[in-house]
Ligand SMILES: [Zn+2]
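Residue numbers (the numbering used here): 85 to 403.
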């Protein structure tokens with residue numbers, strides 16, 4: 085009996101298959117669904133919703149940051165056929181705010197919360213290294229985030245303008261890099277951050293400064309709270325090659341290339357000492373990391389509030 089039943093089952097399955105094959109519309113329909121799903125995946129739609137955003141109108145500030153020029157040096161993903169263009173996200177500051185991340189010290193942000201990697205450059209601007217950094221970022225069509233020291237912004241307003249004109253995101257890095265700022269009184273912190281923002285905005289009146297990075301990453305709850313009240317997200321980092329200790333371009337590049345992962349925020353310096361090693365490391369970092377992950381600036385908007393629940397203002401001790 086068992087054998088008969090098995091044969092019957094096989095025959096039934098065969099009959100069903102035959103009917104499916106005869107129904108000529110079914111197979112093309114299945115193939116079409118598979119093609120649509122594959123296409124959506126290869127475009128990255130399932131990974132990063134920002135790639136679906138439409139390009140801004142021609143003439144808008146970020147219009148030059150969009151599109152996929154033919155000479156883009158890091159144009160392909162591994163395994164991608166040459167005939168398939170990469171989906172190009174809208175880059176630079178003019179994007180929606182990121183999902184919230186308060187996993188850094190005192191509730192600071194330490195990842196992009198998205199698939200892309202963010203390069204950040206601290207302590208500038210600097211007349212020697214900032215232009216070199218900007219030129220390399222331009223060459224690889226990468227947008228980054230610059231954490232500016234107020235004194236330097238006041239001294240080199242043309243460099244602040246150059247950073248903003250290239251579509252990078254601006255970040256407050258205190259007036260004169262006071263490592264102990266966060267331990268000072270609330271009024272002192274507030275005055276320092278305001279003065280720094282004013283120096284940056286004196287150069288770029290329509291600039292948006294939505295991030296604050298404490299000198300040396302010496303975060304305190306007071307500094308994070310004041311920054312938040314002033315509309316700035318405290319920006320920590322994930323990957324630190326300690327370029328300020330001058331370990332050499334090879335070491336800086338190796339640390340960043342090995343440490344880069346989706347969501348990473350990379351800490352680099354374009355001022356505050358001899359930064360030629362960092363500049364030279366970028367010649368490796370930009371093509372290497374850029375080939376594996378999208379590289380982009382933090383968006384200028386402050387973090388999105390939680391999707392559910394009520395966002396209450398933070399008070400000292402809560403962060
Ligand atoms: Zn610094």
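Don't be surprised by glycine CBs; every beta carbon is placed ideally from N, CA and C. Quick caveat: nothing in here was measured; it's all calculated off a predicted structure.
Residue 262 sits away from residue 221, with the two beta carbons spaced by 8 Å or more. DSSP, reduced to helix, strand and coil, places residue 386 outside both helices and strands of the structure shown, so it counts as coil. Residue 373 is a Cβ neighbour of residue 340, given a cutoff of 8 Å. The beta carbon of residue 261 sits closer than 7 Å to at least one heavy atom of ligand 1. Of the other Cβ atoms in all chains shown, 16 or more fall within 10 Å of the Cβ of residue 185; this residue is therefore buried. Within 7 Å of the C-beta of residue 356 there is at least one heavy atom belonging to ligand 1. For residue 211, the CB stays at least 7 Å from every heavy atom of ligand 1. Checking the DSSP bridge columns, you'll see residue 318 partnered with 296.
In this structure, DSSP gives residue 324 a state outside helix and strand, which the three-state scheme calls coil.
Look at residue 190 here: in three-state DSSP terms it is helix.
When the Cα atoms are used, residue 270 and residue 371 turn out to be separated by approximately 43 Å. Three or more Cβ pairs closer than 8 Å define a contact, and the region 241-261 meets that threshold against the region 380-388. Contact between the region 175-190 and the region 330-340 is absent: fewer than three C-beta pairs spanning the two stretches fall below 8 Å. For the pair residue 228 and residue 204, the CB atoms are nearer than the 8 Å cut-off.
Runs of the beta strand (DSSP E) lying entirely within the region 227-274 and spanning at least 3 residues, in chain order: 229-232 and 253-256.
Taking C-beta atoms as the reference points, residue 276 and residue 265 count as a pair closer than 8 Å. Inclusion of residue 365 and residue 344 in the CB contact set at 8 Å is not warranted, their separation being larger than that value. The three-state reading of DSSP puts residue 355 in coil, since its state is none of H, G, I, E or B. It is roughly 24 Å from the alpha-carbon of residue 216 to the alpha-carbon of residue 281.
The secondary-structure analysis by DSSP pairs residue 348 across a beta bridge with 195. Relative to ligand 1, residue 276 has its C-beta separated by 7 Å or more from all heavy atoms. Between residue 379 and residue 201, the CB-CB gap stays under 8 Å.
Note that the C-beta distance between residue 191 and residue 248 is not below 8 Å. Shown here, residue 287 sits in a helix according to DSSP, grouped into three states. Residue 325 has its CB no nearer than 7 Å to any heavy atom of ligand 1. Residue pairing from DSSP places residue 203 in a beta bridge opposite 350.
Nearest to residue 313 by C-alpha distance, out of 367, 324, 325 and 278, is 278. If you draw a 10 Å sphere on the C-beta of residue 325, you find 16 or more other C-beta atoms in it, and that means buried. For residue 297, same chain residues with a beta-carbon under 7 Å away, outside a window of 5 residues either side, are 206, 231, 255, 257 and 319 in chain order. Residue 330 is bridged by DSSP to nothing; it lacks a bridge partner.
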